[in-house]
Amino acid sequence: MEPRNFDGEADRPRSAGAKQTGRVLVVGPYLRARAGSADAQSENHVQRDAEARLDEATGLARAIDLVIADAIIAPISQIRPATYIGKGKVEEIAALAKSLDVELVVMDCALAPIQQRNLEKELHAKVLDRTGLILEIFGRRAKTKEGALQVELAHLNYQRSRLVRSWTHLERQRGGFGFMGGPGETQIEADRRLIQERITKLESELKKVQATRRLHRAGRQRVPYRVVALVGYTNAGKSTLFNRLTRADVQAADMLFATLDPTLRALNLPHGGKAMLSDTVGFISNLPTQLVAAFRATLEEVLEADVILHVRDISHEDAEAQQSDVDAVLRQLGINPDDSGRIIEVWNKIDRYDAEQREELLNIAARRPEDHPAMLVSAVSGEGIDALLAAIEERLAAKRTTLDLSIDAADGAGISWLHRNSEVLAKELHDGRFDMTVRVDETKRDIVVNRFDAVPRLSA
């Protein structure tokens, strides 16, 4: 559906046609960028195209099977405290909503509770903002117990601020006994108390989840498996790439937030080594802070990862803006997106380009600084996967030390320990002793050196 612009001379609303139920009007109330503004002058700010933003909002709505009656852009010069948009825009949208017989208006912005309530009164329809819409998607997609707990926690924190006196049942309850009792607590206060009790319980359960994850992580650290995490904008192709790299069968679909629950699988590296690959929830512009906080237990896999693959849909028209959004979330998590020793940028979906366009992309990638390379891949066709695996192996090896040692062949316990706690690169038997080359993590380097009289291998 082509978005239309509600700015002064608006197009005439299209005919509603036959009445349907569950129809939705998507509105993009985007601020006009003013010349000389702080945002316009910011070096790190990437201006997102309004039509691309609206297209993403309609994609979010379709992700929960809403029927889009229309999608419009409503440019605003400033945010109004009462209704977010100006009175004239409210009247125009109300008329359009009535003509289209919509039951829900999705506002692609973050609304304050009072703004949401006022808009519902003026538009005579249910109003859902961007945060609420994303929470609805997450609520439908969470499959595991952990995912459901995190979504419910985020939703309750969001809902707690929405308890305004909009409904008749939120009236004052009687307190005490008979007619002499005091006024008691209001229904709003009772609802807030119940929500807070549920939030406290959920936070307690999530702490147990975090403790379990720490145990699993400690177990992986005892075995010399390093962790590689996939991050990226939603629908960048992370799950398809995950399946390609691990030969797994994780759900992958051309939709926003197709994958929500975290997944870990073994990743076989080119020279026989192994790592653990983690697929995480996709990021999005204006990701609700409630979700970042609630999904921190899941995102700990990213925090602890040795290598992070930032997967980008390089074919998307808003690829640069999406990169900025992912970088912003990484900073929220305390990760430096410019850490070239840890982050590899993966330009996915190059299969959508013809030969000439791919050559141009390769030239752009070649001009990047050596410490900030870009790996061009197609998770669908497999193009570039071997080079990506080699790059991952190289980054992991850079964080480890290669040692040479000789061990008595009769020392079965020592040989077994080395196999469990290091990556054995070579092993040859000479005169009753094994000459071994192993690669170890920094935390085990001194143990191997002292116990087996190992010496660091000299660089070629």
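For the sequence shown, the working numbering begins at 76 and goes up steadily by one.
The beta carbon of each residue, even a glycine, is placed where N, CA and C say it ideally should be.
The C-beta of N310 has 16 or more other C-beta atoms within 10 Å across all chains shown, which makes the residue buried.
Listed in chain order, the alpha helix (DSSP H) runs fully inside the stretch 150-175 are 162-175, counting runs of at least 4 residues. Ranked by Cα distance from T219, the options T338, L493, D388, C184 are led by T338. For the pair G103 and A138, the CB atoms are not nearer than the 9 Å cut-off.
Burial state of R322 is exposed, judged by a 10 Å Cβ sphere holding fewer than 16 other Cβ atoms. The C-beta distance from E197 to A169 rounds to 6 Å, short enough to meet the 8 Å contact threshold.
As the crow flies, the alpha-carbon of G409 is around 8 Å from that of L378. F527 is not a Cβ neighbour of G487, given a cutoff of 9 Å. If you look at A484, you'll find it isn't in any beta strand (DSSP E); DSSP assigns it neither H nor E. Collapsing the DSSP output to three states places K502 in a strand. For E420, the uninterrupted beta strand (DSSP E) segment begins and ends at 418-423. In the same chain as M511, and ignoring 5 residues on each side of it, the C-beta atoms closer than 6 Å to its own belong to L480, K502, in chain order. By the neighbour-count criterion, in which a residue is buried when 16 or more other Cβ atoms sit within 10 angstroms of its Cβ, P363 is buried. Following the DSSP letters along the chain, one finds K196 inside the alpha helix (DSSP H) bounded by residues 188-198. Within the stretch 408-480, the complete beta strand (DSSP E) runs of at least 3 residues fall at 418-423, 449-451.
DSSP places I383 inside the beta strand (DSSP E), whose first and last residues are 382-388. When the beta-carbon positions are compared, R98 and V165 stay at least 9 Å from each other. Going by beta carbons, A223 and L316 fall outside the 9 Å limit. Inter-segment contact for the stretch 465-481 and the stretch 401-419 is present: three or more beta-carbon pairs are separated by less than 8 Å. Just so you know, the alpha carbons of D413 and N232 end up roughly 32 Å apart. Counting the other Cβ atoms within 10 Å of the Cβ of N423 gives 16 or more, which makes it buried.
Separation of the CB atoms of D483 and G459 is rounded to 45 Å, and the pair is thereby denied contact status at 8 Å.
The three-state reading of DSSP puts S497 in coil, since its state is none of H, G, I, E or B. The beta-carbon distance between A449 and A440, rounded to whole angstroms, is 4 Å. This is short enough to meet the 8 Å contact definition.
Straight through space, the alpha carbons of E517 and Y300 are spaced by roughly 13 Å. For A341, the CB contacts under 6 Å within the same chain, skipping 5 residues up- and downstream, are K349 in chain order. Cα atoms of A125 and E221: separation of roughly 35 Å, rounded to the nearest angstrom.
The count of Cβ pairs closer than 8 Å, one atom from the stretch 350-357 and one from the stretch 170-183, stays below three, leaving the stretches out of contact. Judged by beta-carbon spacing, I160 lies beyond the 9 Å limit of L228, meaning their Cβ atoms are not closer than that value. Beta-bridge partners assigned by DSSP to V356: none are found.
In the three-state reduction of the DSSP assignment, D528 falls in the coil class.
It is roughly 10 Å from the alpha-carbon of A127 to the alpha-carbon of H391. Taking 9 Å as the cut-off, the Cβ atoms of G307 and L384 count as close. Per the DSSP secondary-structure output, R514 pairs in a beta bridge with T477, E498.
For T338, the three-state secondary structure derived from DSSP is strand.
By the neighbour-count definition (other C-beta atoms within 10 Å, threshold 16), R406 is an exposed residue.
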